[in-house]
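Undergrad: My questions will all concern the structure given below.
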Amino acid sequence: MKLFSSVHDVPDIKQFVNDALALKANPYAHQSLGKNKTLGLVFMNPSLRTRLSTQKAALNLGMNVMVMNMDKEGWALETQDGVVMNGTTVEHIREAAAVMGMYCDILGLRSFPKLHNREEDYSEDFFNKFVKYCAVPVVSLESATRHPLQSFADLITIHETWANKGTKPKVVLAWAPHVKALPQAVPNSFAEWMCKAQQDGMIDFTIAQPEGYELAADFTPGAKIEYDLEEALAGADYVYVKNWSSYKEYGKVLTYPDGWMMNNEKLQITNHAKVMHCLPVRRDLELSSEILDGPNSLVIHEAGNRLWAAQTVLKAMLEKL
Ligand code: CP
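Per the numbering used here, residue 1141 is the first one in the sequence shown, and the count goes up by one each step.
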């Protein structure tokens, strides 16, 4: 594997999930694979889980790891070609990415969208230029439109915890309130992975959101779309709670009807559903404390599986170096 930026980079998601669970059972089995290999993790934005789980994954594989917090410690990067750099940007991405590629065998990049211009964000211009100019394999640590390591960990978690093997769990992605405008990267990516899992006969997938919060159709092929949260939750086995800003009215927080926060009362409608969230979560705004602190929450288990998702991807890349 030379690029991990979406579910489309994975030939067989069932096999990938099984590979992750094999690593979870035997984390240090491939320590020699990463010997004398270096992973560079480049952050344009903050992170807790992605930063630590990906570092730990690399260490489990015997790699060296370097972390660069470009947003705080790096030079301000220029991404446009043909501009005279007489403003605030100090270094062009052409040189910066190329130099990082000289020091690292594999690079990871986190680069959030600006949420001002939909076409610009959805072109993934920054991520794609970084991939092009660094000239080494790249793992997305969350880009403008996708968070594939998170979604892979989510699929691992659903597969691992589903007790009725041989039957398909009903998985619901449920929009939740927030005070800030958040990217669509996590729900886009979750939808994309779940739609692929649905095509492969692993799950049934529904998305519930208020009017105006529809995701881009490219990310939701085959998903059942509901505008009534309670209808969507009926019989759900997994509820994935997440806020996102509007794609249609790009980056905006729209008005929405009351009752979109997941709580124990709504849990009663489900089939004793397990509740997931990528974290960080705003308690009692997006998701109730009673759920987060209760027996149905999978959020910590899910965050733990970020390690095995990252280790599976890095192993696949090391095997092709
Ligand atoms: N879920 C997730 O990616 O967490 P961080 O932003 O803390 O890495």
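For glycine and all other residues, C-beta sits at the position ideal for the given N, C-alpha and C.
(1) Give the range of the beta strand (DSSP E) segment to which Ser1291 is assigned.
(2) Please find out if some non-hydrogen atom of ligand 1 comes closer than 7 Å to the beta-carbon of Ser1286.
(3) Is it the case that the segment 1315 to 1334 contacts the segment 1179 to 1186, given that we only count it when at least three CB pairs across the two stretches are under 8 Å?
(4) Taking 7 Å as the cut-off, does the CB of Gln1290 come closer than this to any heavy atom belonging to ligand 2?
(5) What residues in its chain sit with their C-beta under 7 Å from that of Glu1300, if we drop five residues either side in the sequence?
(6) Report the three-state DSSP secondary structure of Ala1314 (helix, strand or coil).
(7) Using 10 angstroms around the beta-carbon of Ser1251, count the other beta-carbons present and answer buried if the total reaches 16, otherwise exposed.
(8) Touch check for the segment 1342 to 1358 and the segment 1373 to 1389: three-plus C-beta pairs under 8 Å?
(9) Measuring CB atoms only, is the segment 1271 to 1284 touching the segment 1361 to 1378, in the sense that at least three cross pairs come out at less than 8 Å?
(10) Throw me the rounded Cβ distance for the Phe1292 and Ala1449 pair, which I believe falls under 8 Å.
(11) Taking contact to mean at least 3 C-beta pairs separated by less than 8 Å, is the segment 1322 to 1335 in contact with the segment 1144 to 1152?
(12) Would the beta-carbon of Ser1187 be found less than 7 Å away from any heavy atom of ligand 1?
(13) For Tyr1273, I'd like the list of residues in its chain whose CB is within less than 7 Å of its CB, leaving aside the five on either flank, ordered along the chain.
(14) Since Phe1267 is in the alpha helix (DSSP H), which residue starts that stretch and which ends it?
(15) Between the segment 1410 to 1419 and the segment 1429 to 1446, do three or more beta carbon pairs fall short of 8 Å?
(16) With a Cβ-Cβ cutoff of 8 Å, do Tyr1378 and Pro1309 count as a contact?
(17) Less than 7 Å between C-beta atoms, sequence neighbours within five positions excluded: which residues of the same chain meet that for Gly1227?
(18) Using a Cβ-Cβ distance cut-off of 8 Å, determine whether Thr1297 contacts chain D.
(19) Under 7 Å: does the beta carbon of Thr1190 sit that close to some heavy atom of ligand 1?
(20) Which residues in the same chain have their Cβ closer than 6 Å to the Cβ of Pro1167, if we skip the five residues on either side of it in sequence?
(21) Flag Pro1420 as yes when its Cβ comes closer than 7 Å to any non-hydrogen atom of ligand 1, and as no otherwise.
(22) Under three-state DSSP, which class holds Val1415?
(23) Among Met1334, Val1205, Leu1322, which has the Cα closest to the Cα of Ile1296?
(24) Please report the distance separating the alpha-carbon of Val1230 from that of Val1224.
(25) Identify whether Gly1306 lies in helix, strand or coil by the three-state DSSP scheme.
(26) Using only alpha-carbon positions, find the residue among Leu1394, Thr1410, Met1206 that is nearest to Arg1464.
(27) Whose C-alpha, out of Glu1389, Ser1429, Leu1447, Glu1371, is nearest the C-alpha of Thr1410?
(28) Give the C-beta separation of Asp1261 and Thr1178 to the nearest angstrom, bearing in mind that I take them to be a contact with Cβ-Cβ under 8 Å.
(29) Closest by CA to Met1208, which one among Gly1202, Gln1195, Glu1218, Thr1219?
(30) Going by the DSSP bridge assignment, what does Ala1348 pair with across the sheet?
(31) What separation, rounded to the nearest whole angstrom, lies between the Cα atoms of Leu1289 and Pro1323?
(32) In this structure, does DSSP put Arg1399 in helix, strand or coil?
TA: The answer reads as follows:
(1) As a position in the sequence shown, residue 1291 is number 151, starting the count at 1. Where Ser1291 is concerned, there is no enclosing beta strand (DSSP E), although the alpha helix (DSSP H) it sits in stretches over 1288 to 1301.
(2) As a first step, residue 1286 is located in the sequence shown; it is residue number 146 there, counting from the start. One point to set straight first is that residue 1286 is Arg, not Ser, in the sequence displayed. No; taking the cut-off as 7 Å, the Cβ of Arg1286 has no heavy atom of ligand 1 nearer than that.
(3) no
(4) With respect to ligand 2, the structure offers nothing, as its ligand set consists of ligand 1.
(5) As a position in the sequence shown, residue 1300 is number 160, starting the count at 1. Around Glu1300: Leu1161.
(6) In the sequence shown, the residue the question calls residue 1314 occupies position 174. Reduced to three states, the DSSP call for Ala1314 is strand.
(7) For the purposes of this step, residue 1251 is identified with residue 111 of the sequence shown, where counting begins at 1. Counting Cβ neighbours within 10 Å, Ser1251 comes out buried, since at least 16 surround it.
(8) yes
(9) no
(10) If you number the sequence shown from 1, residue 1292 lands on position 152. If you number the sequence shown from 1, residue 1449 lands on position 309. At roughly 4 Å, the Cβ-Cβ gap stays under 8 Å, so Phe1292 and Ala1449 are in contact.
(11) yes
(12) By 1-based counting over the sequence shown, the position of residue 1187 is 47. Yes, since a heavy atom of ligand 1 falls inside the 7 Å radius drawn around the Cβ of Ser1187.
(13) Against the sequence shown, residue 1273 aligns to sequence position 133. For Tyr1273, where only same-chain residues beyond five positions count, the Cβ hits under 7 Å are Ile1233, Arg1234, Ala1237, Ala1238.
(14) Looking up residue 1267 in the sequence shown gives position 127. Looking at the DSSP string, the run of the alpha helix (DSSP H) that includes Phe1267 is 1265 to 1274.
(15) yes
(16) In the sequence shown, counting from the first residue as 1, residue 1378 sits at position 238. In the sequence shown, counting from the first residue as 1, residue 1309 sits at position 169. Yes, these two residues count as a Cβ contact at 8 Å.
(17) What you label residue 1227 is simply residue 87 of the sequence shown in a count that begins at 1. Taken in chain order, the list of residues that qualify is empty.
(18) In the structure shown, chain D does not exist; there is a single protein chain.
(19) Within the sequence shown, residue 1190 is the residue found at index 50, counting from 1. Within the cutoff, so yes.
(20) One-based indexing of the sequence shown puts residue 1167 at position 27. Asn1200.
(21) The residue given as residue 1420 occupies position 280 in the sequence shown. Yes; taking the cut-off as 7 Å, the Cβ of Pro1420 has a heavy atom of ligand 1 nearer than that.
(22) Working through the sequence shown from its first residue, we reach residue 1415 at position 275. In the structure shown, Val1415 sits in a strand (DSSP, three-state: E or B).
(23) In the sequence shown, counting from the first residue as 1, residue 1296 sits at position 156. Of Met1334, Val1205, Leu1322, the residue nearest in Cα terms is Met1334.
(24) Taking the sequence shown and counting its residues from 1, the one referred to as residue 1230 is at position 90. Taking the sequence shown and counting its residues from 1, the one referred to as residue 1224 is at position 84. Approximately 11 Å between the Cα atoms of the pair.
(25) Position 166 of the sequence shown, counting from 1, holds the residue named residue 1306. Here Gly1306 sits in coil by DSSP.
(26) There is no way to answer for residue 1464, as the model of the chain reaches only from 1141 to 1461.
(27) Position 270 of the sequence shown, counting from 1, holds the residue named residue 1410. Nearest C-alpha to Thr1410: Glu1371.
(28) In the sequence shown, residue 1261 corresponds to position 121, counting from 1. In the sequence shown, residue 1178 corresponds to position 38, counting from 1. Rounded, the Cβ-Cβ distance is 30 Å, inconsistent with contact.
(29) Here residue 1208 is taken as the residue at index 68 of the sequence shown, counted from 1. Ranking Gly1202, Gln1195, Glu1218, Thr1219 by Cα distance to Met1208 puts Gln1195 first.
(30) For the purposes of this step, residue 1348 is identified with residue 208 of the sequence shown, where counting begins at 1. Answer is Ala1314, Glu1366.
(31) Residue 1289 sits at position 149 when you count from the first residue of the sequence shown. Residue 1323 sits at position 183 when you count from the first residue of the sequence shown. Whole-angstrom Cα-Cα distance: 16 Å.
(32) As a working mapping, residue 1399 is identified with position 259 in the sequence shown. According to the sequence as given, residue 1399 is Gly; it is not Arg. The answer is coil: DSSP assigns Gly1399 none of H, G, I, E or B.
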